[in-house]
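Undergrad: Before we start, here is the structure in question, set down as structure tokens.
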Amino acid sequence: MNGETARRFAQAALGHVVREYPHKLDHVLGGDEDALPPRVLHPCFFGSYDWHSCVHGWWTLLTLRRLYPDMPEAAEIAALADSTFTEEKLAAELAYLDRPGSAGFERPYGWAWLLYLHLETRRHGGAPWAGRLEPLARAFAARLRRYLDKLTYPIRTGTHFNTAFALLLSREWAEVFEPELTPLIDSKASDWFAQDRACQAWEPGGDEFLSSALSEAMLMQRALGQEQFRQWFADFLPDMAQREPATLFAPVTVSDRSDGKIAHLDGLNLSRAWAWRTLQPDMGAAAPLARDAAEMHLSAALPHVTGDYMGEHWLASFALLALLARPV
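Residue numbering for the sequence shown is 1 to 328, as defined by full-length UniProt numbering.
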């Protein structure tokens, strides 16, 4: 990634994390008095069309600020973070979780992104953001523990409900802040996915933005030791040398980027690029196939990260995940 791309992503995110409307709430009404605008319900994360997109829009901004501290937008990002991540505003976000009907609020996608955002704030030296965000992160981590205790089956659909993706981000946070959560995540991953063989990769669905197959593989790459993972992956995608299942190697078509659900498919191309780049070091002789697949998916999606608000309010986060992954 170069500085020009970083500035393009930063400018887009700065334009949407404080844009309140249009907005899609995840909000249970108990009465007329609960019909409140986003900025009142969520004083930190009221922008970007929905709560979770605002959270990972902030992850994008802070990651770019850390990587490109001299870009003109870096100072603006820091100033906006100072005025957004105040104790008062974050206390309101935390209090929202105690409202009736909020138990499933943003489960599990928004939870995972909040943890990932908190992890990023820790990388910003003396800034107060990490300490202020920590109570909210701890609250979501506690919810994740309770959720895992009762989740009998993983959710494999390639949308916000995907279990593997949520655990992938949450695990990185847990390694730093709650190491005892890591073995629980690994145990669940093993219980759910260790016996998966000859994945058919029934994707893409018409509105998916995550590869369910490759999200699972990335989680298992972390949950298993390297040799154990390589054996698991060889059984999971036994025909990779023949580029099968073919769907995992071909970028998807996006027919209408003004349609928010269909625009999800640009995210699928980006999430596959991220996954193939991440998995590549453990692919052995198949690494060139992973590299080629990643580059094809990136090329298909990067021109469309900005341009239409239905994609622009969130796609930069997934582009950044892909661009920062560890190709060899």
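Just so it is clear, CB atoms sit at the ideal spot from N, CA and C, and this is done for glycine as well.
(1) Helix, strand or coil for Ile155 per DSSP?
(2) Can you list the alpha helix (DSSP H) stretches of 4 or more residues lying completely in the segment 259-320, in chain order?
(3) According to DSSP, is Thr247 helix, strand or coil?
(4) Take Ala12 and list the residues in its own chain whose beta-carbon comes closer than 6 Å to its own, dropping the five residues that flank it on each side.
(5) Expressed to the nearest angstrom, what Euclidean distance is found between the alpha-carbon atoms of Leu324 and Val40?
(6) Which residues mark the beginning and the end of the alpha helix (DSSP H) in which Ala75 is found?
(7) Is Met218 near Leu168, with beta carbons less than 7 Å apart?
(8) Please report how far the alpha carbon of Asp266 lies from the alpha carbon of Asp256, in whole angstroms.
(9) In angstroms with no decimal places, state the Cα-to-Cα distance between Asp186 and Glu227.
(10) Taking only the alpha-carbon atoms, compute the straight-line gap between Leu248 and Leu237 and give it to the nearest angstrom.
(11) Just how far apart, CA to CA, sit Thr163 and Pro154?
(12) Run the CB neighbour count on Thr152, radius 10 Å, all protein chains shown included, and call it buried at 16 or more, exposed below.
(13) Select from Asp239, Ala322, Phe9 the residue whose C-alpha is nearest the C-alpha of Ala300.
(14) From Ala103 to Ala139, what distance separates their C-alpha atoms?
(15) Is Val328 helix, strand or coil when you go by DSSP?
(16) At which residues does the alpha helix (DSSP H) containing Val55 begin and terminate?
(17) Hey, Trp111 and Leu144: beta-carbon distance below 7 Å or not?
(18) Three Cβ pairs or more, each shorter than 8 Å: is that satisfied between the segment 108-126 and the segment 166-181?
(19) If we count the other Cβ atoms within 10 Å of its Cβ and call it buried at 16 or more, is Asn269 buried or exposed?
(20) In whole angstroms, what is the alpha-carbon distance linking Asp235 and Ala285?
(21) Excluding sequence positions up to five away, which residues of its chain have a Cβ less than 6 Å from the Cβ of Leu62?
(22) For Ser48, which residues in the same chain have their Cβ closer than 6 Å to its Cβ, ignoring the five residues on either side in sequence?
(23) Alpha carbon to alpha carbon, how far is Leu298 from Arg326?
(24) Starting from the Cα of Phe165, find the closest Cα among Ala142, Phe177, Ala223 and give me that residue.
(25) Take Glu106 and list the residues in its own chain whose beta-carbon comes closer than 7 Å to its own, dropping the five residues that flank it on each side.
(26) Looking at the secondary structure, which residues open and close the alpha helix (DSSP H) in which Asp186 lies?
TA: Here's the rundown:
(1) coil
(2) 264-279, 287-301, 309-312
(3) helix
(4) Thr306, Glu312, Ala316
(5) 34 Å
(6) 73-84
(7) Using a Cβ distance threshold of 7 Å, Met218 and Leu168 count as a contacting pair.
(8) Taking the straight line joining both Cα atoms gives about 10 Å.
(9) For Asp186 and Glu227, the distance between alpha carbons rounds to 16 Å.
(10) Rounded to whole angstroms, Leu248 to Leu237 spans 10 Å at the Cα level.
(11) 6 Å
(12) Burial call: exposed.
(13) Minimum Cα distance to Ala300 is reached at Ala322.
(14) 11 Å
(15) Unreliable positioning characterises Val328 in this predicted model, as indicated by a pLDDT of 48, which lies under 50. The coordinate reading is nonetheless provided below. DSSP places Val328 in coil when its eight states are reduced to three.
(16) 51-67
(17) yes
(18) Under the Cβ criterion (8 Å, minimum of three pairs), the segment 108-126 counts as touching the segment 166-181.
(19) buried
(20) 15 Å
(21) Glu120
(22) These residues qualify, in order along the chain: His16, Val17, Cys54, Gly57, His313.
(23) For Leu298 and Arg326, the distance between alpha carbons rounds to 14 Å.
(24) Ala223
(25) Cβ neighbours of Glu106 beyond the five flanking positions: Asp26, Trp51, His52.
(26) 181-193
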